[in-house]
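So the sequence lines, in the order shown, correspond to chains A and B.
For the first sequence, our numbering gives the first residue as 1, with consecutive numbering after it.
For the second sequence, our numbering gives the first residue as 1, with consecutive numbering after it.
Cβ atoms here follow ideal geometry from the backbone N, Cα and C, with glycine treated the same way.
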Amino acid sequence: MVGEILDYLWLVPALPLLGVIVNSGIALFAERPLLLAEDARRPTDSPGDDHGHGHGASHAAPPYRKLVAVLGPAVVGASFVVSLLAVLALAARPPHERLFVQVLFPWVQAGTFSAPAAFQLDPLSSVMILVVTGVGFLIHVYSVGYMSHERAFARYFVYLNLFTFAMLLLVLGSNFLLMFVGWEGVGLCSYLLIGYWYEKKSAADAGKKAFVVNRVGDFGFLVAMFLIFWTFGSVEYTEVFARIPGLAASGVLTTGIATAITLLLFVGAVGKSAQIPLYVWLPDAMEGPTPVSALIHAATMVTAGVYMVARTNALYLLAPTSMMVVAVVGAATAIFSATIGITQNDIKRVLAYSTVSQLGYMFLACGVGAFTAGIFHLMTHAFFKALLFLGSGSVIHALAGEQDMRKMGSLKNHLPVTFVTMFIATLAISGIPGLSGFFSKDEILWKSFSSGHGHAGLWLVGTAAAGITAFYMFRLVFLTFFGNSRMDPEVEKHVHESPYSMTVPLMILAVLAVAGGWVGIPHVLGGHNYFEEWLAPVFAHGAAGAAHGEAHASAALEYLLMATSVGVALCGIGLAWYLYRVRPSKPKEIADRVPGLYGVVLNKYYVDEIYDVAIVRKIVNGSIWLWEAFDATFIDGIVNGVAALVQKAGDRARRVQTGVVGNYALSLLLGAVILVGFLIWP
Amino acid sequence: MMEPSAYLLLSGILFGIGVVGVVARKNALIVLMSVEIMLNAVNVAFIAVGSYLGDVTGSIFAFMVMTVAAAEAAVGLAILIAIFRLKETIDITELSVLKW
């Protein structure tokens, strides 16, 4: 029986793929013709049509929408059920046997290289598939409500299902090549969904930016994969990790090679998970629909880099330099983007910078060898950040598309469910004891201080970022839900709580945001860290190093650090309360007092502008040179030159054809003489 | 049996005359006639060698060539008449439209 359920593991990615196939059929053959016909009719229609369009109530919904609305979430839900059963079956095994590889078919075979299409279920990938399908399902359900006024409804669900499929490939694949396929698949879906409203230039540009920036990271990943095959002769996880001790002992796998591989992998992770210096695409990605931001740009895709680093933890542990780089980049990103989050006024952008910052925490955890803590934070972050995004989506939905927090306020009476759930998520991300974010964030901070790879400086930066996080999150809540209404009177009239399809996922996620951390309560608080125990087989190599450092750390110190981080978070909340509730005029005064600093932070440290001048312009100018000087002159010159040469030669050669029969006869004769000459030559 | 060398010499001379006629003359009728001379030069060679070797195949080939030559002459003359009606000339240097 146990084996039987695991044998259906392939259904986990296959079900979303089924959704892709059916939905794309609907999108192509039912929805597209309808929309094209509508567009063709529009110019001749009465101008009054625009009013009815906004709320879509004027004409009946086409019948296929209902099918899409059921099928899109249902396939992901079914996938979640299969995942849950498979994980339970895996959990029934003894800890050291919790590794199941299902080979579907040989996929790439070339010489000594072979990569089967195979799925690997182990404690790490089981956490990932539960998060992807579970949170993914809730977001799919939410999308049905959120996207109900959209014309291209089926197209949206095609992309969303395709994303789920690719993400499951990424986390379930049993080799680096399959992970790369998923990696690129989620990148493509991210591009498609950011640019979902492609008629809007900023959305299309943001999609392109995300795609191009990710290419930089993908290059690193590819080269790392080549190096892995070159070193280990395989790209299969089980084979690569099993060969590490032998190759390290025989001197083939030197620290240098391990450092090169891990740093290149980290370049890939930096791109996908939006870390310094490649984080710039994520804030722009907020151009996409809000559920997309929740699913792709908060809960799942952007955490793929963390998953990859955790997956290759055995390699990272061989390369202390890489570990240090990961930790420093993570910590730097955490505090850097948190400071930007303070000044942003767009509700989704605050959350975007918050996501970048929280991803920094995850990398900080991986960098100090606390992979368990990183994955733990990945999971809890998926809950509370998806909830925050969906909540902000509910607010935006209620305000008919308004995203500027300066035009919100006092919404807690209008949107009670959204307010309560978002408030819970805010408490969770701020690290208030008892909620999920507290346990995961605190474990990261504790490990960054106590682990053998840790450092007090890293802890300090992490704690400071935690305080800033609490501040900007409560700033968001106060600006949005409290105080006086700053809404447009026209908008205010239509404010409404979202439908059940949107609020129910919010409530479920709120429960998870509270309780999600209870699987990993640290020992000093009298709990039992089930999460660490569950992941222990995957991170067996790392456990030794981390435990080594912890030996000299006392429980008293852990209490002290915990109290410090909670105290810092409370200070952040208190400051936000003072500045945005007690003295609402104060923030403006402070900003006016340091206009230079405020301007720099408001404009995101001008990083986009610096990149634009230092890199983008240079590449564009170089491309223009290549186009005008190299391509148009040199390449085209060669091509046209060859053509001209042939033409000239042909022009000369055609004179041979005189049209006079005698000439032809003469050449016939000459030919005959030459032939005979050859034949009778001695 | 007689040596065929004299016949082959005659054949060669006739063939040469034919070639010169085809290449050098402008009148299409003369050209056609020169082609006939070349064909008949070959006939002479066939029959001479056939007779020398006591093989009847040479003679059979000569008949074959005569048949083909007759057909060719008929088609060729018909074309010449058609050309003359159109152009009022049968000078082959004038009939050089089929070129670049």
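Rounded distance between the beta-carbons of A:K348 and A:T262, thought under 8 Å: Against the first sequence, residue 262 of chain A aligns to sequence position 262. Against the first sequence, residue 348 of chain A aligns to sequence position 348. That pair is no contact at about 33 Å.
Amino acids of chain B, ordered along the chain, whose beta-carbon sits closer than 7 Å to that of A:A665: Here residue 665 of chain A corresponds to residue number 665 of the first sequence, with the count starting at 1. Ordered by position in chain B, the residues that pass the 7 Å Cβ test against A:A665 are V22, V23.
B:I92: contacting residues in chain A (beta-carbon distance under 7 Å): Within the second sequence, numbered from 1, the residue matching residue 92 of chain B stands at position 92. Simply V660, V661, G662.
A:P537 and A:R98 closer than 8 Å at C-beta: Walking along the first sequence from the start, residue 537 of chain A turns up at place 537. Walking along the first sequence from the start, residue 98 of chain A turns up at place 98. Yes, these two residues count as a Cβ contact at 8 Å.
Alpha carbon of A:G56 to alpha carbon of A:A332, nearest angstrom: Looking up residue 56 of chain A in the first sequence gives position 56. Looking up residue 332 of chain A in the first sequence gives position 332. Reliability fails at A:G56, whose pLDDT of 42 lies under 50, so the model's placement of it is uncertain and no value is given.
Buried versus exposed, by CB contacts within 10 Å (16 or more), A:W625: By one-based count along the first sequence, residue 625 of chain A stands at place 625. Exposed, since its Cβ has fewer than 16 Cβ neighbours within 10 Å.
A:H381, buried or exposed, once every other Cβ within 10 Å from all chains shown has been counted against 16: The residue you call residue 381 of chain A lines up with position 381 of the first sequence. Buried: at least 16 other Cβ atoms inside 10 Å.
Alpha carbon of B:S5 to alpha carbon of A:L645, nearest angstrom: Walking along the second sequence from the start, residue 5 of chain B turns up at place 5. Walking along the first sequence from the start, residue 645 of chain A turns up at place 645. In a straight line, the C-alpha of B:S5 is about 54 Å away from that of A:L645.
8 Å Cβ cutoff, A:L669 in contact with chain B: As a working note, residue 669 of chain A is residue 669 in the first sequence. Judged by the 8 Å Cβ criterion, A:L669 is in contact with chain B.
Cβ neighbour criterion (16 or more within 10 Å) applied to A:F634: The count along the first sequence starts at 1 and reaches residue 634 of chain A at position 634. Exposed, by the Cβ-count rule.
Pairwise C-alpha distance: A:F371 and A:M179: Here residue 179 of chain A refers to the residue found at position 179 when the first sequence is read from its first residue. Here residue 371 of chain A refers to the residue found at position 371 when the first sequence is read from its first residue. Spanning the two alpha carbons is a distance of roughly 19 Å.
Contact belief for A:V213 with A:V127 at Cβ below 8 Å, rounded distance in angstroms: Within the first sequence, residue 213 of chain A is the residue found at index 213, counting from 1. Within the first sequence, residue 127 of chain A is the residue found at index 127, counting from 1. About 27 Å; that fails the 8 Å criterion.
Boundaries (first-last residue) of the alpha helix (DSSP H) holding A:F176: Indexing the first sequence from 1 puts residue 176 of chain A at position 176. Residues 176-194.
Interface residues of chain A facing B:S5 [CB-CB closer than 9 Å]: Taking the second sequence and counting its residues from 1, one reaches residue 5 of chain B at position 5. What B:S5 touches in chain A: nothing, since even the nearest Cβ is about 16 Å away.
Three or more C-beta pairs below 8 Å linking the region 88-104 of chain A and the region 343-360 of chain A: no
Contacts around A:D45, its chain only, beta-carbon distance under 7 Å, and the 5 residues preceding and following it disregarded: Against the first sequence, residue 45 of chain A aligns to sequence position 45. Confidence is the limiting factor: at A:D45 the pLDDT is only 49, short of 50, which leaves the residue's position unreliable and the question unanswerable from this model.
Cβ-based neighbour list, A:L227, same chain, cut-off 8 Å, excluding 5 preceding and 5 following: As a position in the first sequence, residue 227 of chain A is number 227, starting the count at 1. Contacts found: I257, A260, I261, L264.
Closer than 8 Å to chain D by CB, B:V56: No chain D is present in this structure, whose protein chains are A and B.
Identity of the residues DSSP links to A:G516 by a beta bridge: For this step, residue 516 of chain A is matched to residue 516 along the first sequence. Note: A:G516 sits in no beta bridge, so no partner.
Contacts that B:S96 makes with chain A (C-beta to C-beta distance below 7 Å): Looking up residue 96 of chain B in the second sequence gives position 96. By Cβ distance, chain A contributes T658, G659, V660.
Collapsed DSSP secondary structure at A:L104 in the structure displayed: On the first sequence, residue 104 of chain A is found 104 positions in, with the first residue counted as 1. Correct three-state label for A:L104: strand.
Separation of A:L85 from A:Y8, as counted between CA atoms: The count along the first sequence starts at 1 and reaches residue 8 of chain A at position 8. The count along the first sequence starts at 1 and reaches residue 85 of chain A at position 85. C-alpha separation (whole angstroms): 10 Å.
A:V81 Cβ short of 7 Å to the ligand ZN heavy atom set: Absent from the structure shown: the ligand ZN. Ligands present: none.
7 Å Cβ shell around A:A166 - same chain, five flanking residues per side excluded: The residue you call residue 166 of chain A lines up with position 166 of the first sequence. The residues are G182, G185, V186, C189.
Which of helix, strand or coil DSSP assigns to A:D49: Looking up residue 49 of chain A in the first sequence gives position 49. The pLDDT assigned to A:D49 is 39, lower than 50, so where the model puts this residue is not dependable; a value taken from the coordinates is nonetheless given after this. Here A:D49 sits in helix by DSSP.
Touch test, the region 574-584 of chain A against the region 472-488 of chain A, Cβ-Cβ under 8 Å, three pairs minimum: yes
Exposure label - A:P116; buried when at least 16 CB within 10 Å: Residue mapping note: residue 116 of chain A aligns to position 116 of the first sequence, counting from 1. Under this definition A:P116 is a buried residue.
C-beta contact flag for B:V35 and B:V23 at 8 Å: For this step, residue 35 of chain B is matched to residue 35 along the second sequence. For this step, residue 23 of chain B is matched to residue 23 along the second sequence. No; because the gap between Cβ atoms is not below 8 Å, this pair is not in contact.
Residues in the region 36-49 of chain B having any Cβ partner in chain A nearer than 9 Å: none
Span separating the alpha-carbon of A:T161 from that of A:V12: On the first sequence, position 161 is the one that residue 161 of chain A refers to. On the first sequence, position 12 is the one that residue 12 of chain A refers to. For the record, residue 161 of chain A in the displayed sequence is Asn; it is not Thr. Looking at the two C-alpha atoms, the distance is approximately 12 Å.
Under the three-state DSSP convention, the category A:E628 falls into: The sequence position of residue 628 of chain A within the first sequence is 628, counting from 1. Looking at A:E628 - three-state DSSP - the assignment turns out to be helix.
Exposed unless 16 or more other CB atoms sit within 10 angstroms - verdict on A:V642: Within the first sequence, numbered from 1, the residue matching residue 642 of chain A stands at position 642. So A:V642 ends up on the exposed side.
For A:A110, the residue or residues it bridges with in DSSP: On the first sequence, position 110 is the one that residue 110 of chain A refers to. A:F113.
Extent of the continuous alpha helix (DSSP H) to which A:W459 belongs: Along the first sequence, one-based indexing puts residue 459 of chain A at 459. Element bounds for A:W459: 456-481.
Near-chain A residues of the region 6-19 of chain B (beta-carbon distance less than 8 Å), N- to C-terminal order: V19
Three-state secondary structure (DSSP) of A:E236: Stepping through the first sequence from its first residue, residue 236 of chain A is reached at position 236. The answer is strand: DSSP assigns A:E236 an E or B state.
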